[in-house]
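Residue numbers (the numbering used here): 216 to 649. For glycine and all other residues, C-beta sits at the position ideal for the given N, C-alpha and C. Remember, predicted model here, so these are calculated numbers, not experimental data. Heads up, the thing below is written out as structure tokens.
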């Protein structure tokens, strides 16, 4: 039985100071609605998490005396960014003023104050420590960056990964590459064939939000890719090299270059895993990459329902069925297939979505769901998607449990697994209970 956890509402004074309101208990949000949160859905804010002030928004809380719902008028609402390996179960509950600015592209998890610390509505979905905040030593990262820039002075991709991704954006994958460990990112495409509403690397000038990072501006060669990925695969522990990153477009638009790079990599070593993070828009290209030596794929989606997917991704010259076929191609080739599943409480855990996801898993023989936090302003997203009524949610945790009952072989996580883990070490990949 869970211990009693009843966090108070947090609010900001607009000057960088955050306080608790002891007259209101914190609530969670699913879709458009605020709900009381069960005790077992609150955990202490993990290391690496942060709190955000939400300007133009008042927190919705439950009165500690009479149980009524009301706004906290003392300051602006507060939400939490939860670090990788954790999946948010509820959004922050607030009411938005008509003139409130659109929130930037981060996740907005419910947070509260309890027992002298910040609590958030989340679950640790991934046991891998590869992006733990405590695991990044600034001095070692600086040394690793300088070493790579010195070792590959003419490699544009290494320079992009170090100057932009590692030093400017503090990308966890790029920092791990600088430290010579685990998953190494390989951005390859400056262009994209989707127009995602919440794209983090490109937003139209007329939009009310800005992208959080600049997109890759050149097309790397296969030789540039091979030059630094082969040493990484040979030397890193649990090595993975991954095409397709947040600082680029769609890697399948560069499939010929990727094919040539994979072939050349595998002439040098069969060690480690070669992965692609993609929208899965070109199943024929995926087939070619599998034949060249691709080990795994992670296909991004905000939904298992075609119409919800299409409204968000706004694809050019491909359909939702193409991403389904890409997953099938990898599974038929003996590879590992995951979906990068953007979790939005109230939409992700609707009964319609659950049924569609159930069918997708059954249809594709999917290996893994990476339950990823959706970095987007909740009101803005629901408005853009014309989702005026999201219905009664199942609950993210409940949905996870029910899927596990139907598909015991299905793995949960947050990262692309290395080959060593794919081969069997998934004993602790979900702590959500039965």
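Whole-angstrom distance between residue 323 and residue 290, CA atom to CA atom: Mapped onto the chain shown, residue 290 falls at position 75. Mapped onto the chain shown, residue 323 falls at position 108. So the two alpha carbons sit approximately 17 Å from each other.
Paired residues, beta bridge with residue 658 - DSSP: Only positions 216 to 649 of the chain appear in the structure, and residue 658 is not among them; the question remains open.
Residue 261 Cβ short of 8 Å to the ligand ADP heavy atom set: The model on display carries no ligand, and the ligand ADP is accordingly not part of it.
Where residue 615 falls, given that 16 or more other Cβ within 10 Å makes a residue buried: Working through the chain shown from its first residue, we reach residue 615 at position 400. It counts as buried.
Closest residue to residue 516 among 409, 610, 508 and 455 (Cα-Cα distance): As a position in the chain shown, residue 516 is number 301, starting the count at 1. Looking at the Cα atoms, 409 is the closest of the given residues.
Simplified DSSP state of residue 529, which is helix, strand or coil: Walking along the chain shown from the start, residue 529 turns up at place 314. The answer is coil: DSSP assigns residue 529 none of H, G, I, E or B.
Reduced DSSP secondary structure (H/G/I, E/B, other) of residue 628: Your numbering for residue 628 matches position 413 in the chain shown. If DSSP states are grouped into helix, strand and coil, residue 628 belongs with the strands.
Cross-strand partners of residue 286 (DSSP beta bridge): Residue numbering aside, residue 286 sits at position 71 when the chain shown is read from its first letter. Residue 286 is bridged to 275.
Nearest-angstrom Cβ-Cβ length linking residue 398 and residue 588, presumed shorter than 8 Å: Locating residue 398 in the chain shown gives position 183, where the first residue counts as 1. Locating residue 588 in the chain shown gives position 373, where the first residue counts as 1. No, residue 398 and residue 588 are not in contact; Cβ-Cβ is about 18 Å, not under 8 Å.
Every unbroken beta strand (DSSP E) inside the stretch 365-416 [3 residues or more]: 398-401
Rounded separation between residue 635 and residue 501 - CA only: As a first step, residue 635 must be located in the chain shown, where it is residue number 420. As a first step, residue 501 must be located in the chain shown, where it is residue number 286. Roughly 23 Å between the two C-alpha positions.
Alpha-carbon spacing of residue 435 relative to residue 628, whole angstroms: Taking the chain shown and counting its residues from 1, one reaches residue 435 at position 220. Taking the chain shown and counting its residues from 1, one reaches residue 628 at position 413. Those two C-alpha atoms are separated by around 30 Å.
Exposure label - residue 344; buried when at least 16 CB within 10 Å: For the purposes of this step, residue 344 is taken as residue 129 along the chain shown, with counting starting at 1. Answer is exposed; the Cβ neighbour count stays below 16.
Buried/exposed call for residue 225, threshold 16 Cβ in 10 Å: What you label residue 225 is simply residue 10 of the chain shown in a count that begins at 1. With 16 or more Cβ atoms within 10 Å of its Cβ, residue 225 is classed as buried.
Separation of residue 278 from residue 293, as counted between CA atoms: Here residue 293 refers to the residue found at position 78 when the chain shown is read from its first residue. Here residue 278 refers to the residue found at position 63 when the chain shown is read from its first residue. Their backbone Cα atoms lie some 17 Å apart in a straight line.
Cβ-based neighbour list, residue 527, same chain, cut-off 6 Å, excluding 5 preceding and 5 following: Taking the first residue of the chain shown as position 1, residue 527 is located at position 312. Excluding positions up to five away in sequence, the list reads 412 and 517.
Contacting residues, own chain, Cβ-Cβ under 7 Å from residue 384 (five flanking each side not counted): For this step, residue 384 is matched to residue 169 along the chain shown. Correct list, in chain order: 428.
Enclosing beta strand (DSSP E) for residue 259 [first to last residue]: Position 44 of the chain shown, counted from the start, is the residue given in the question as residue 259. First-last of the beta strand (DSSP E) with residue 259: 257-259.
Residue from 237, 498, 305 and 607 whose Cα sits closest to the Cα of residue 254: Taking the chain shown and counting its residues from 1, the one referred to as residue 254 is at position 39. That would be 305, whose Cα lies nearest to the Cα of residue 254.
In DSSP terms, what residue 335 is bridged to: Here residue 335 refers to the residue found at position 120 of the chain shown. Note: residue 335 sits in a beta bridge opposite 258 and 326.
Straight-line Cα distance separating residue 440 from residue 220: Taking the first residue of the chain shown as 1, we reach residue 220 at position 5. Taking the first residue of the chain shown as 1, we reach residue 440 at position 225. For residue 220 and residue 440, the distance between alpha carbons rounds to 50 Å.
Assigned exposure category for residue 379 - 16 Cβ within 10 Å defines buried: Locating residue 379 in the chain shown gives position 164, where the first residue counts as 1. The residue is buried, with at least 16 neighbouring Cβ atoms inside 10 Å.
Coil, strand or helix - residue 541 by DSSP: For the purposes of this step, residue 541 is taken as residue 326 along the chain shown, with counting starting at 1. Correct three-state label for residue 541: helix.
Alpha helix (DSSP H) segments (min. 4 residues) lying fully within the stretch 443-517: 470-483 and 498-507
Close-in-space but distant-in-sequence residues of the same chain around residue 546 (CB under 6 Å, 5 per side omitted): Reading the chain shown from its first residue, position 331 is the one you call residue 546. Cβ within range, chain order: 552 and 580.
Alpha carbon of residue 647 to alpha carbon of residue 341, nearest angstrom: Translated into the one-based positions of the chain shown, residue 647 becomes position 432. Translated into the one-based positions of the chain shown, residue 341 becomes position 126. Residue placement at residue 647 cannot be trusted, given a pLDDT of 48 that sits under 50; what the coordinates show is reported in the next sentence. Cα to Cα, the separation comes out at about 11 Å.
Cβ shell of residue 651 (< 6 Å), same chain only, five flanking positions each side left out: Since the displayed the chain opens at 216 and closes at 649, residue 651 lies outside it and no answer follows.
Per-residue burial, residue 513 [other beta carbons within 10 Å of its own, 16 or more giving buried]: Locating residue 513 in the chain shown gives position 298, where the first residue counts as 1. Per the 10 Å Cβ criterion, buried.
Run of the alpha helix (DSSP H) containing residue 587, from where it starts to where it stops: For the purposes of this step, residue 587 is identified with residue 372 of the chain shown, where counting begins at 1. Segment 583-588 is the beta strand (DSSP E) holding residue 587; no alpha helix (DSSP H) there.
C-alpha gap between residue 241 and residue 275, whole angstroms: Taking the chain shown and counting its residues from 1, the one referred to as residue 241 is at position 26. Taking the chain shown and counting its residues from 1, the one referred to as residue 275 is at position 60. Their Cα atoms are separated by approximately 7 Å.
Whether residue 332 touches residue 259 by CB criterion (9 Å): On the chain shown, residue 332 is found 117 positions in, with the first residue counted as 1. On the chain shown, residue 259 is found 44 positions in, with the first residue counted as 1. Their beta carbons are under 9 Å apart, which means residue 332 touches residue 259 by this criterion.
Inter-stretch contact at 8 Å, needing at least 3 Cβ pairs: the stretch 305-318 / the stretch 354-362: no
6 Å Cβ shell around residue 590 - same chain, five flanking residues per side excluded: Numbered from 1 along the chain shown, position 375 holds the residue referred to as residue 590. Contacts found: 320, 321 and 322.
Helix, strand or coil at residue 293 according to DSSP, with G and I counted as helix: Taking the first residue of the chain shown as 1, we reach residue 293 at position 78. The answer is strand: DSSP assigns residue 293 an E or B state.
Strand pairing of residue 227, partner residues [DSSP]: Residue mapping note: residue 227 aligns to position 12 of the chain shown, counting from 1. Paired residues: 233 and 291.
Rounded C-alpha distance that separates residue 416 from residue 431: The residue labelled residue 416 in the question sits at position 201 within the chain shown. The residue labelled residue 431 in the question sits at position 216 within the chain shown. Going from the Cα of residue 416 to the Cα of residue 431 covers about 9 Å.
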